[in-house]
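Please read the structure below before turning to the comments.
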Amino acid sequence: MGGDARKDDPGALVPRRTSSLAWRLAVWYANIAFAILLMASVAYQWILTDALERDDDDFLLDRVREIRLLLERQPFSAIAIQERVEREAFVSRSEPVYLRISDQAGYDVWSTPGLGERLHSANLPSVPGTTDLTSIDGRPFRVVCDVLSADRRTWTIHAVLDRDRDEDVLMDFRSRAALVLFTALPVTILAAWVIARLGIAPVRAIAATAARIRSTHLGERIRLDRFPAELVHLGASFNAMLDRLEQAFNQISRFSADIAHELRTPLTNLRGTAEVALSRTRTTEEYQEVLGSCLEETARLTRIVDSLLFLARAEADRVRPTLEKLDVAGELEGVRDYLALQAEEKGIRLSLECPAGLEARLDRTLFQRAVGNLVQNALAHTPRGGSVSVQARAREGRVEVEVGDTGPGIAAEHLPRIFERFYRADTSRTSLGGGVGLGLAIVRGIAELHGGGASVTSTVGKGSRFTVTFPAEPKEPSGT
């Protein structure tokens, strides 16, 4: 009972340590989103740093240009320069800015108070350009150096900016970015999990539909109208599989009912004959007649069982045709001669048309059985005075054998199932012929064993034409 419970519960068949697809998708999505945010933060920090540096450089260069103009217009007197610089309100930023003017010998002509406490004059560059320096107490500074030659004298101008405020801005940005990143990570994981769950909802719908499938409940189908394009093909394939399963179960159900019916008739005849024989004492001749009747019913049962066994082995690919080169015309003449007496007794004209020299590699016994079944089926369904024709021809590397009759024909709704086991288009007519509905199924099975097929066309009131095709050079079969 435990094994049956596991079969009824699909969840019991799932490994316990199977990870969730939605969770894996969420983790991947969150990792990618976090990486993108991290790269964006790094890139923005680089842009911010570059913008601050360019802003600092522009500010310092403006200060240097103002001092150059001042030096060019004023006598080179330290006192005059100091007064002029202090009078010019060009230092408008909140960051501390230090200015230094030195002569050719390196001595200070004038400098902003406090510069020496921050940077040693020996560390200041003497070549024009921009430099980053660190103060004695570890604070960052930006230095712009310029050299001015005027009135046979050389002046070195330094503009120094304390970048501590820039570092504060960058540090604040890093803190905020870290806060955003680590806040966004769980939010991203949650959002990704919700999105993944919504994305795989159609897959869960397929699983739910599959869980509802039972042998008595095969009508379930998946609605594809809300499926994403990527899963429509999967859903359609699943529905097609359910169609095939339903058809197979219906065939099995019909097959079980048909075989029970077909076996019941001869078994009932056997039992009835035996009961009648045992009802009173009979003569030897009467017992012989009863045994003969039982033997006929036993032979009928044997034919049914043998036919079913052949079909089962053929469908399981366990029949291996013995291929040999055959003269198709000769084989068809043999079938015609074998059934000629039966056709003559029924008053039916049996004709054969086959070009000379038509050859194919076929299994002799199976080929004769397939054609014989078609001819016997045609004779059984053709009224007295009618005709049955057998025609063979070669077409595109295949051999076609067509058996036509002038019988009542088959309605169009029966044609798709005419080669199924036990299927009868007209039960009363078939019973008159003595068949059990396996002959045409065997014909199709033999054709498919050779790599061919069987088909039928029919017009009600005019007759039917059955065509069986075989490859002229079939591949070696894989069955055993």
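Residue numbering for the sequence shown follows my numbering, beginning at 1278 and increasing consecutively.
Here a beta-carbon is modelled for each residue, glycine too, at the ideal position from N, C-alpha and C.
None of these values were measured; they are calculated from a predicted model.
Contact set for GLY1710: own chain, Cβ-Cβ below 6 Å, skip 5 residues either direction
The residue given as residue 1710 occupies position 433 in the sequence shown. Reliability fails at GLY1710, whose pLDDT of 38 lies under 50, so the model's placement of it is uncertain and no value is given.
When DSSP labels each residue in this structure, what does PRO1417 get in the three-state scheme?
Numbered from 1 along the sequence shown, position 140 holds the residue referred to as residue 1417. Note: PRO1417 maps to strand in three-state DSSP.
Quick one: grab the DSSP three-state call for VAL1404.
Locating residue 1404 in the sequence shown gives position 127, where the first residue counts as 1. In the structure shown, VAL1404 sits in coil (DSSP, three-state: anything other than H, G, I, E or B).
Taking 7 Å as the cut-off, is the beta-carbon of LYS1739 closer than that to any non-hydrogen atom of the ligand SAH?
Ligands in the displayed structure: none, and consequently the ligand SAH is not present.
Report the rounded CA-to-CA distance for ASN1516 versus LEU1475, giving the unit in angstroms.
Residue 1516 sits at position 239 when you count from the first residue of the sequence shown. Residue 1475 sits at position 198 when you count from the first residue of the sequence shown. The straight-line gap from Cα to Cα measures roughly 21 Å.
Give the DSSP bridge partners of TYR1375, in chain order.
Position 98 of the sequence shown, counted from the first residue, corresponds to residue 1375. In the DSSP output, where bridge partners are listed per residue, TYR1375 has VAL1437.
Going straight from the alpha carbon of VAL1304 to that of ALA1312, what length do you get?
Against the sequence shown, residue 1304 aligns to sequence position 27. Against the sequence shown, residue 1312 aligns to sequence position 35. Roughly 12 Å between the two C-alpha positions.
Cα-Cα separation between ASP1332 and VAL1437, rounded to whole angstroms:
Position 55 of the sequence shown, counted from the start, is the residue given in the question as residue 1332. Position 160 of the sequence shown, counted from the start, is the residue given in the question as residue 1437. In a straight line, the C-alpha of ASP1332 is about 14 Å away from that of VAL1437.
Are ALA1724 and ALA1731 closer than 8 Å when you measure CB to CB?
Stepping through the sequence shown from its first residue, residue 1724 is reached at position 447. Stepping through the sequence shown from its first residue, residue 1731 is reached at position 454. In this structure, ALA1731 lies closer than 8 Å to ALA1724 by Cβ.
Under 8 Å between the Cβ atoms of PRO1748 and GLY1674?
Along the sequence shown, read from residue 1 onward, the residue named residue 1748 stands at position 471. Along the sequence shown, read from residue 1 onward, the residue named residue 1674 stands at position 397. Their beta carbons are under 8 Å apart, which means PRO1748 touches GLY1674 by this criterion.
Using DSSP's beta-bridge definition, name the partner residues of PRO1748.
In the sequence shown, the residue the question calls residue 1748 occupies position 471. PRO1748 is bridged to ARG1675.
Just the Cα atoms here: how many angstroms apart are ASP1335 and ALA1473?
Counted from its first residue, the sequence shown places residue 1335 at position 58. Counted from its first residue, the sequence shown places residue 1473 at position 196. Computed Cα separation, rounded: 51 Å.
Buried versus exposed, by CB contacts within 10 Å (16 or more), GLU1608
Mapped onto the sequence shown, residue 1608 falls at position 331. GLU1608 is buried by the Cβ-count criterion.
Run the CB neighbour count on PRO1685, radius 10 Å, all protein chains shown included, and call it buried at 16 or more, exposed below.
For the purposes of this step, residue 1685 is taken as residue 408 along the sequence shown, with counting starting at 1. With 16 or more Cβ atoms within 10 Å of its Cβ, PRO1685 is classed as buried.
Any contact of the region 1474 to 1489 with the region 1343 to 1351, i.e. 3+ C-beta pairs under 8 Å?
no
LEU1458 - DSSP class collapsed to helix/strand/coil:
Taking the first residue of the sequence shown as 1, we reach residue 1458 at position 181. Looking at LEU1458 - three-state DSSP - the assignment turns out to be helix.
Residues near VAL1469 in its chain [Cβ-Cβ closer than 6 Å; skip 5 each side]
Within the sequence shown, the letter at position 192 stands for residue 1469. Reading off the sequence, residue 1469 comes out as Ala, not Val. The residues are ALA1303, TYR1306 and ALA1307.
Does the distance from the C-beta atom of VAL1745 to that of GLY1729 stay below 8 Å?
Position 468 of the sequence shown, counted from the start, is the residue given in the question as residue 1745. Position 452 of the sequence shown, counted from the start, is the residue given in the question as residue 1729. Yes, the Cβ-Cβ distance between VAL1745 and GLY1729 is below 8 Å.
Counting C-beta neighbours from all protein chains within 10 Å, is the total for THR1707 16 or more, i.e. buried, or is it exposed?
Walking along the sequence shown from the start, residue 1707 turns up at place 430. Note that THR1707 has pLDDT 41, beneath the 50 cutoff, so the model's placement of it is unreliable and the number below is only indicative. Looking at its Cβ environment, which holds 16 or more other Cβ atoms inside 10 Å, THR1707 is buried.
Distance check for ARG1559 and ALA1637, CA to CA, integer angstroms please.
The residue given as residue 1637 occupies position 360 in the sequence shown. The residue given as residue 1559 occupies position 282 in the sequence shown. Between ALA1637 and ARG1559, the C-alpha separation is close to 57 Å.
DSSP beta-bridge partners of ALA1310
Reading the sequence shown from its first residue, position 33 is the one you call residue 1310. Note: ALA1310 sits in no beta bridge, so no partner.
So, do the region 1634 to 1650 and the region 1600 to 1616 have three or more beta carbon pairs nearer to each other than 8 Å?
yes
Among LEU1508, PRO1505, ILE1483 and PHE1504, whose alpha-carbon lies nearest the alpha-carbon of GLU1497?
For the purposes of this step, residue 1497 is identified with residue 220 of the sequence shown, where counting begins at 1. Out of LEU1508, PRO1505, ILE1483 and PHE1504, ILE1483 has the C-alpha closest to the C-alpha of GLU1497.
If we ignore side chains and look at the alpha-carbon of each, how far apart do GLY1716 and THR1545 end up?
Numbered from its first residue, the sequence shown carries residue 1716 at position 439. Numbered from its first residue, the sequence shown carries residue 1545 at position 268. In a straight line, the C-alpha of GLY1716 is about 23 Å away from that of THR1545.
Residue interval of the alpha helix (DSSP H) (run including GLY1569)
Taking the sequence shown and counting its residues from 1, the one referred to as residue 1569 is at position 292. Segment 1561 to 1592, the alpha helix (DSSP H) holding GLY1569.
Runs of beta strand (DSSP E) wholly within the region 1483 to 1550 (minimum 3 residues, chain order)
none
The alpha helix (DSSP H) spanning ARG1661 covers which residue range?
Stepping through the sequence shown from its first residue, residue 1661 is reached at position 384. From DSSP, ARG1661 is part of no alpha helix (DSSP H); its letter is neither H nor E.
Any Cβ of chain C within less than 8 Å of the Cβ of ASP1414?
Given the protein chain composition of this structure (a single chain), no chain C is represented.
Helix, strand or coil: how does DSSP classify ALA1427 here?
By 1-based counting over the sequence shown, the position of residue 1427 is 150. Three-state result, ALA1427: strand.
Integer Cβ distance of SER1297 from LEU1458, believed to fall under 8 Å:
For the purposes of this step, residue 1297 is identified with residue 20 of the sequence shown, where counting begins at 1. For the purposes of this step, residue 1458 is identified with residue 181 of the sequence shown, where counting begins at 1. Going by Cβ atoms, the distance from SER1297 to LEU1458 rounds to 25 Å, so no, they are not a contact pair.
When you compare only the Cα positions, how much space is there between GLN1381 and LEU1425?
Reading the sequence shown from its first residue, position 104 is the one you call residue 1381. Reading the sequence shown from its first residue, position 148 is the one you call residue 1425. The straight-line gap from Cα to Cα measures roughly 10 Å.
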